[in-house]
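Colleague:
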Amino acid sequence: MESKKNYTATLLLAFFLGGFGIHRFYTGYIGLGILQLLTAGGCGIWTLIDFINICFNNFKTADGQPLDEYNPTLGKTFFFVWIALCILSVIMYATTFAEIFRSVG
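Residue numbers for the sequence shown follow UniProt numbering, beginning at 1 and rising by one.
#1: Once DSSP output is grouped into helix, strand and coil, what is the label at Asn-57?
#2: Count the other CB atoms within 10 Å of the CB of Leu-11; is the residue buried (16 or more) or exposed (fewer)?
#3: Measure the beta-carbon distance from Gly-41 to Gly-21 and round it to whole angstroms, keeping in mind my assumption that it falls under 8 angstroms.
#4: Give me, in chain order, the residues of the same chain whose beta-carbon lies closer than 6 angstroms to that of Asn-53; leave out the 5 immediate sequence neighbours on both sides.
#5: For the alpha helix (DSSP H) holding Leu-17, just list the boundary residues, first then last.
#6: My output table needs one value for Asp-68: the three-state DSSP class, helix, strand or coil.
#7: Tell me which residues share the same chain as Thr-47 and place their Cβ nearer than 6 angstroms to its Cβ, disregarding the 5 neighbours each side in the sequence.
#8: Would Thr-61 pass as a contact of Gly-33 if the rule is Cβ separation under 7 angstroms?
#9: How many whole angstroms separate the CB atoms of Asp-68 and Lys-5, which I take to be in contact at a CB cut-off of 8 angstroms?
Quick look at the structure:
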């Protein structure tokens with residue numbers, strides 16, 4: 001019997017714990033989950049690719065099944081929230097480094 005894996009659960013696991021590969025364990029990819037855990041999500045690149053694939057429903061479980069209860073609005077929302085967080089992080093780092101250089105020089 002095939003076990004259905006929930007889209008929302010997978011999306012949340014990838015968003016909050018993607019660097020540890022927890023979403024891979026949840027969807028049945030135990031070996032890939034261990035590899036992702038050991039490489040910190042491929043230094044973030046692998047995690048990013050997985051996250052984008054999950055957001056736009058291009059991610060399948062280990063037995064080849066699509067994720068259950070796909071919600072396109074939720075996926076796009078999380079994708080744009082992630083983009084906004086990245087932009088905010090860049091702004092914060094730039095501001096911090098500008099202050100450091102100003103205080104040194």
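Quick reminder that beta carbons are idealized off the backbone N, C-alpha and C, glycines included. From a predicted model like this one, the values you see are computed outputs, not experimental measurements.
Modeller: According to the structure data:
#1: coil
#2: buried
#3: 6 angstroms
#4: Phe-59
#5: 7-17
#6: strand
#7: Gly-18, Gly-19 and Gly-41
#8: no
#9: 6 angstroms
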